[in-house]
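A.B. asks:
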Amino acid sequence: MADKFDVIVIGAGPGGYVAAIRAAQLGLKTACVEKWVNKEGKTVHGGTCLNVGCIPSKALLETSHKFVEARDHYNEIGIEVGEPTPNVAKMHEFKEQVIAKNVGGISALFKANGVTALEGSGKVLSSKQVEVTGHDGEKATYEADNIVIASGSVPVEIPPTPLTEGLIVNSTGALEFEEVPKRLGVIGAGVIGLELGSVWNRLGSEVTMLEAMDTFLPMVDKDIAKETQKLLKKQGLDIRLGTRVTGSEIKDNEVVVKYADAEGEKEITFDKLIVCVGRRPYTEALLGEDAGVNLDERGFIFVDDQCRTSVPGVYAIGDCVRGQMLAHKASEEGMMVADIIAGHKAEMNYDAIPCVIYTSPEVAWVGMTEQDAKAAGIEVKTGSFPFSANGRALANNAAEGSAKVIADAETDRILGMHIVSQHAGELIAQGVIAMEFGSSAEDIALTCYAHPSTSEAIHEAALAVDGHAIHMANRKKRK
Ligand code: FAD
Ligand code: NAD
Numbered sequence: 020m021a022d023k024f025d026v027i028v029i030g031a032g033p034g035g036y037v038a039a040i041r042a043a044q045l046g047l048k049t050a051c052v053e054k055w056v057n058k059e060g061k062t063v064h065g066g067t068c069l070n071v072g073c074i075p076s077k078a079l080l081e082t083s084h085k086f087v088e089a090r091d092h093y094n095e096i097g098i099e100v101g102e103p104t105p106n107v108a109k110m111h112e113f114k115e116q117v118i119a120k121n122v123g124g125i126s127a128l129f130k131a132n133g134v135t136a137l138e139g140s141g142k143v144l145s146s147k148q149v150e151v152t153g154h155d156g157e158k159a160t161y162e163a164d165n166i167v168i169a170s171g172s173v174p175v176e177i178p179p180t181p182l183t184e185g186l187i188v189n190s191t192g193a194l195e196f197e198e199v200p201k202r203l204g205v206i207g208a209g210v211i212g213l214e215l216g217s218v219w220n221r222l223g224s225e226v227t228m229l230e231a232m233d234t235f236l237p238m239v240d241k242d243i244a245k246e247t248q249k250l251l252k253k254q255g256l257d258i259r260l261g262t263r264v265t266g267s268e269i270k271d272n273e274v275v276v277k278y279a280d281a282e283g284e285k286e287i288t289f290d291k292l293i294v295c296v297g298r299r300p301y302t303e304a305l306l307g308e309d310a311g312v313n314l315d316e317r318g319f320i321f322v323d324d325q326c327r328t329s330v331p332g333v334y335a336i337g338d339c340v341r342g343q344m345l346a347h348k349a350s351e352e353g354m355m356v357a358d359i360i361a362g363h364k365a366e367m368n369y370d371a372i373p374c375v376i377y378t379s380p381e382v383a384w385v386g387m388t389e390q391d392a393k394a395a396g397i398e399v400k401t402g403s404f405p406f407s408a409n410g411r412a413l414a415n416n417a418a419e420g421s422a423k424v425i426a427d428a429e430t431d432r433i434l435g436m437h438i439v440s441q442h443a444g445e446l447i448a449q450g451v452i453a454m455e456f457g458s459s460a461e462d463i464a465l466t467c468y469a470h471p472s473t474s475e476a477i478h479e480a481a482l483a484v485d486g487h488a489i490h491m492a493n494r495k496k497r498k
């Protein structure tokens, strides 16, 4: 038997690495097992998020956005740059540098905090033992008082469109196209589809998105989702709702996709196809036969509100458990379980987790939609404000979108905030903090905002809840 630890974390994504650092900060002897190896065969920390998820996608979203700014908008504001051309290889180089800096940062944090980094694949055995199979096949077994499983998720595959090297790819493949595909198909108009579809659309691809549902972004407030759909359509994203993909064929290095919609059977040909129809929990080779850790009916590791599994002392967090598949949700759960293991009281507020889609403009939301609230029988009042009436947004030449605040009609407590705008992903933090503190719309309305700032649109939306927005013509008479 090798070393014994207070805590062994399996997986070093944003769930696992944060749990490990926090546990070590709290004085617990902590190890973190990670099996991910990069193209050079070196173990890397950071999981999906840093290696093939949040970080690389945001690097490409930012570079492609800057390209569009230079191509389509600089001349509007008096900057003449001629015709810019995207250098895809250089964009990837930048993306790789960003990944390397982030990944290196985690390894440095492990060292600084005294987290033991174990390389290889971790398996939970009975009696809180963890077997680690190194990259060379050597096995070692460690004992722990507590285990935190943070094994993450992988993309869902669907039978009609099996992945085909370089032609039908998942999100990881779509982050690596060496050239801009002329005709790009995307199955699933969810978060990944919209973000990666936007990247390649901006760089010149003709993008067609086939989405099974009839509703666009059903988790977003209807007004904001409708506005987003209009804005993305204007950019050239052809989003086809209510489609059912029935099959695909590779012909002459092209992908022919068969699908059905309300009009009947159809066929469309692409140069590349991205399949992004969701992700599923990753639990392969993770649980020994007598580990005793139960899965739920959808294959997620079954946990309670505080991420306890069916085995005392074994916790699970992040994408491999119920809830939204978001890096910050995984990290918050990681901190919560480390605190619980260290004997502190800790809990998560699952009602105040922000979501952001990094299109341009960005879509960001927290809490209920107006439709959710009504369906739950809650009477609401709402306030909306367009960025076209915000001075800073106009000066930024980015005045598209609007902000909406949803409040309880009786108590004025904020139930949700939904925004589509430039930097909505930053603005939404105001809604999260407000909800975390149980604020009312009036609390925001009575707060002094810096001028000029795009945040003033949030102030105005909160004022509009009672019909008193200043920079809007149709306001109610103050009582
Ligand atoms: P992961 O990040 O998946 O990490 C799990 C780790 O566990 C991996 O490193 C894996 O190798 C390791 N592992 C698994 N099994 C074992 C084992 N048996 N032994 C050892 N190691 C093991 N979320 C956001 O919040 N914002 C975004 O902008 C965003 N963008 C995204 C873009 C893309 C293209 C994708 C694919 C995802 C994106 N996500 C985003 C989702 C986000 O990446 C995940 O929610 C997040 O990474 C989940 O963290 P995690 O720690 O639970 O799992
Ligand atoms: P998603 O659930 O966001 O979207 C998948 C979409 O595919 C849905 O709209 C669904 O209706 C559709 N779909 C499912 N099966 C289909 C089929 N057979 N044909 C056509 N459409 C189909 O999933 P995703 O975009 O793959 O992202 C996976 C996870 O990663 C999400 O949970 C998301 O939270 C996370 N993620 C987050 C961010 C972010 O926070 N900015 C970015 C990327 C990914």
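Numbering (the working numbering) for the sequence shown: 20 to 498. For every residue, glycine included, the Cβ atom is placed at its ideal position computed from N, Cα and C. The model shown is predicted, which means the values in this text are computed figures rather than measured ones.
#1: Should THR473 and HIS437 be called a contact, given that it needs their Cβ atoms to be closer than 8 angstroms?
#2: Let me know if GLN449 comes out buried or exposed under the rule of 16 or more other beta-carbons within 10 Å of its beta-carbon.
#3: Apart from the five residues on each side of it in sequence, which residues of its chain come closer than 6 angstroms, Cβ to Cβ, to VAL134?
#4: Taking 8 angstroms as the cut-off, decide whether the C-beta atoms of GLY255 and VAL210 are in contact.
#5: Give, in chain order, every unbroken run of the beta strand (DSSP E) that is at least 3 residues long and sits entirely within the stretch 193-273.
#6: Pull up the distance between the alpha-carbon of ALA469 and that of GLU475, whole angstroms please.
#7: What whole-angstrom Cβ distance do ILE292 and THR180 have, given they're in contact under 8 angstroms?
#8: Grab the span of the beta strand (DSSP E) containing THR430 for me, first residue to last.
#9: Is the number of C-beta pairs between the stretch 190-197 and the stretch 386-398 that are closer than 8 angstroms three or more?
#10: Helix, strand or coil: how does DSSP classify PRO75 here?
#11: Thinking just about the alpha-carbon of each residue, which of ALA383, SER379, SER440 and VAL424 is nearest to the one in GLU88?
#12: Report, in whole angstroms, the separation of the C-beta atoms of VAL26 and ILE336, which I expect to be a contact under 8 angstroms.
#13: Give every residue of the same chain whose Cβ lies closer than 7 angstroms to the Cβ of ARG263, excluding the five residues on either side of it in the sequence, and list them in chain order.
#14: What did DSSP end up calling CYS51 once you bin it into helix, strand or coil?
#15: Where do the N-terminal and C-terminal ends of the beta strand (DSSP E) with SER140 fall, by residue?
#16: Touching or not, the stretch 393-411 and the stretch 426-434, by the rule of three or more beta carbon pairs under 8 angstroms?
#17: Could you give the distance in angstroms between the alpha-carbon of LEU213 and the alpha-carbon of THR183?
#18: GLY141 to VAL205, Cα distance in whole Å?
#19: So is THR160 buried or exposed if we call it buried at 16+ other beta carbons inside 10 Å?
#20: Give the straight-line distance between the Cα atoms of LYS285 and VAL312, rounded to the nearest whole angstrom.
#21: Between which two residues does the alpha helix (DSSP H) holding TYR36 run?
#22: Just to check, is the beta-carbon of LYS158 closer than 7 angstroms to a non-hydrogen atom of the ligand FAD?
#23: Is any heavy atom of the ligand FAD found at a distance shorter than 7 angstroms from the C-beta of GLU53?
#24: Where in the stretch 433-476 do unbroken runs of the beta strand (DSSP E), each at least 3 residues long, occur, reported from the N-terminal end onward?
#25: Just verifying my parser: in three-state terms, what is the DSSP assignment at LYS400?
#26: Can GLY32 and GLY65 be called in contact, C-beta distance under 8 angstroms?
#27: Hey, would you say the C-beta of ILE258 is under 7 angstroms away from at least one heavy atom of the ligand NAD?
#28: Measuring from the CB of GLY34, is there a heavy atom of the ligand FAD at a distance below 7 angstroms?
#29: So GLU339 packs on ALA169, CB below 8 angstroms; how close in whole Å?
#30: Under the rule that 16 or more other beta-carbon atoms within 10 Å means buried, what is THR104, buried or exposed?
#31: Mind checking which residues open and close the beta strand (DSSP E) that includes GLU162?
#32: Using 10 angstroms around the beta-carbon of LEU465, count the other beta-carbons present and answer buried if the total reaches 16, otherwise exposed.
#33: Taking C-beta to C-beta, are GLY13 and ARG432 nearer than 8 angstroms?
#34: Find the nearest neighbour of PHE129 within the set HIS347, GLU53 and LYS23, judged by alpha-carbon distance.
#35: Have a look at ALA108, LYS158 and VAL274 and flag the residue whose alpha-carbon is nearest the alpha-carbon of ARG202.
C.D. replies: Checking against the coordinates, here is how it stands:
#1: As a position in the sequence shown, residue 473 is number 454, starting the count at 1. As a position in the sequence shown, residue 437 is number 418, starting the count at 1. It is not a contact, given that the beta carbons lie outside the stated cut-off.
#2: Within the sequence shown, the letter at position 430 stands for residue 449. By the 10 Å Cβ count, GLN449 comes out buried.
#3: Taking the sequence shown and counting its residues from 1, the one referred to as residue 134 is at position 115. Cβ neighbours of VAL134 beyond the five flanking positions: ALA39, ALA43, THR49 and CYS51.
#4: To locate residue 255, count along the sequence shown from 1; it is residue 236. To locate residue 210, count along the sequence shown from 1; it is residue 191. For GLY255 and VAL210, no; Cβs fall outside 8 angstroms.
#5: 202-206, 225-229, 257-259 and 263-270
#6: Your numbering for residue 469 matches position 450 in the sequence shown. Your numbering for residue 475 matches position 456 in the sequence shown. Cα to Cα, ALA469 sits roughly 7 angstroms from GLU475.
#7: Locating residue 292 in the sequence shown gives position 273, where the first residue counts as 1. Locating residue 180 in the sequence shown gives position 161, where the first residue counts as 1. The question names Ile, yet the displayed sequence has Leu at residue 292. Rounded, the Cβ-Cβ distance is 6 angstroms, consistent with contact.
#8: Taking the first residue of the sequence shown as position 1, residue 430 is located at position 411. Run containing THR430: none; DSSP gives neither H nor E here.
#9: no
#10: Sequence index remark: in the sequence shown, residue 75 carries index 56 (1-based). Looking at PRO75 - three-state DSSP - the assignment turns out to be helix.
#11: Residue 88 sits at position 69 when you count from the first residue of the sequence shown. Of ALA383, SER379, SER440 and VAL424, the residue nearest in Cα terms is SER379.
#12: Translated into positions along the sequence shown, residue 26 becomes position 7. Translated into positions along the sequence shown, residue 336 becomes position 317. About 12 angstroms; that fails the 8 angstroms criterion.
#13: Within the sequence shown, numbered from 1, the residue matching residue 263 stands at position 244. Excluding sequence neighbours, ARG263 sits near ALA231, TYR278 and ALA279.
#14: Start at 1 with the first residue of the sequence shown, and residue 51 comes out as number 32. Note: CYS51 maps to strand in three-state DSSP.
#15: Stepping through the sequence shown from its first residue, residue 140 is reached at position 121. Here the beta strand (DSSP E) through SER140 covers 140-143.
#16: yes
#17: Taking the first residue of the sequence shown as position 1, residue 213 is located at position 194. Taking the first residue of the sequence shown as position 1, residue 183 is located at position 164. Roughly 21 angstroms between the two C-alpha positions.
#18: In the sequence shown, counting from the first residue as 1, residue 141 sits at position 122. In the sequence shown, counting from the first residue as 1, residue 205 sits at position 186. Cα-Cα distance, rounded: 34 angstroms.
#19: Along the sequence shown, read from residue 1 onward, the residue named residue 160 stands at position 141. It counts as exposed.
#20: Locating residue 285 in the sequence shown gives position 266, where the first residue counts as 1. Locating residue 312 in the sequence shown gives position 293, where the first residue counts as 1. Cα to Cα, the separation comes out at about 45 angstroms.
#21: Against the sequence shown, residue 36 aligns to sequence position 17. TYR36 -> alpha helix (DSSP H) spans 35-44.
#22: Position 139 of the sequence shown, counted from the first residue, corresponds to residue 158. It does not: the Cβ of LYS158 is nowhere closer than 7 angstroms to a heavy atom of the ligand FAD.
#23: On the sequence shown, position 34 is the one that residue 53 refers to. Yes, the beta carbon of GLU53 sits closer than 7 angstroms to at least one heavy atom of the ligand FAD.
#24: 433-440
#25: Here residue 400 refers to the residue found at position 381 when the sequence shown is read from its first residue. Note: LYS400 maps to strand in three-state DSSP.
#26: As a first step, residue 32 is located in the sequence shown; it is residue number 13 there, counting from the start. As a first step, residue 65 is located in the sequence shown; it is residue number 46 there, counting from the start. Contact flag set, yes.
#27: To locate residue 258, count along the sequence shown from 1; it is residue 239. Checking the Cβ of ILE258 against the ligand NAD gives no.
#28: Position 15 of the sequence shown, counted from the start, is the residue given in the question as residue 34. Flag set: Cβ of GLY34 near the ligand FAD.
#29: Translated into the one-based positions of the sequence shown, residue 339 becomes position 320. Translated into the one-based positions of the sequence shown, residue 169 becomes position 150. For the sequence presented, residue 339 should be read as Cys rather than Glu. With a Cβ gap of about 7 angstroms, CYS339 and ALA169 count as contacting.
#30: Residue mapping note: residue 104 aligns to position 85 of the sequence shown, counting from 1. Burial call: exposed.
#31: Numbered from its first residue, the sequence shown carries residue 162 at position 143. Here the beta strand (DSSP E) through GLU162 covers 158-168.
#32: Walking along the sequence shown from the start, residue 465 turns up at place 446. It is exposed - the Cβ of LEU465 has fewer than 16 other Cβ atoms within 10 Å.
#33: Residue numbering for the chain in the displayed model covers 20 to 498; residue 13 lies beyond these limits and cannot be assessed.
#34: Mapped onto the sequence shown, residue 129 falls at position 110. Selected option, being the one with the closest Cα: GLU53.
#35: For the purposes of this step, residue 202 is identified with residue 183 of the sequence shown, where counting begins at 1. Of ALA108, LYS158 and VAL274, the residue nearest in Cα terms is VAL274.
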